[in-house]
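In the working numbering, the protein residues as written are 16 to 81.
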């Protein structure tokens with residue numbers, strides 16, 4: 016058995032949070048750059064965080080040490 020632990024990818028840990036049920040939460044893209052051309056409604060909805068898909072959750076959970 017290996018004694019070496021996997022290191023957390025710090026860039027991933029700063030961008031994603033793990034919920035209590037194990038889902039991964041992320042912020043939305045397209046929020047700041049060229050924001051003048053986007054409607055207020057679109058920008059308001061982009062402020063809220065989203066959940067990653069189940070396929071991506073499995074992949075990302077290896078990078079985030081829980």
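For glycine and all other residues, C-beta sits at the position ideal for the given N, C-alpha and C.
Since we're looking at a predicted model, the values are computed, not measured.
Under 8 Å between C-beta atoms of residue i and residue j
i	j	result
residue 20	residue 78	no
residue 67	residue 61	no
Whole-angstrom C-beta distance between residue j and residue i, which should lie under 8 Å
i	j	result
residue 38	residue 72	6 Å
residue 43	residue 65	6 Å
residue 5	residue 40	The question about residue 5 has no answer here: the residues shown for the chain are numbered 16 through 81.
Sheet register partners of residue i (DSSP bridge)
i	result
residue 41	31, 65
For residue j and residue i, the rounded distance between their alpha carbons
i	j	result
residue 63	residue 34	15 Å
residue 53	residue 69	29 Å
residue 56	residue 48	16 Å
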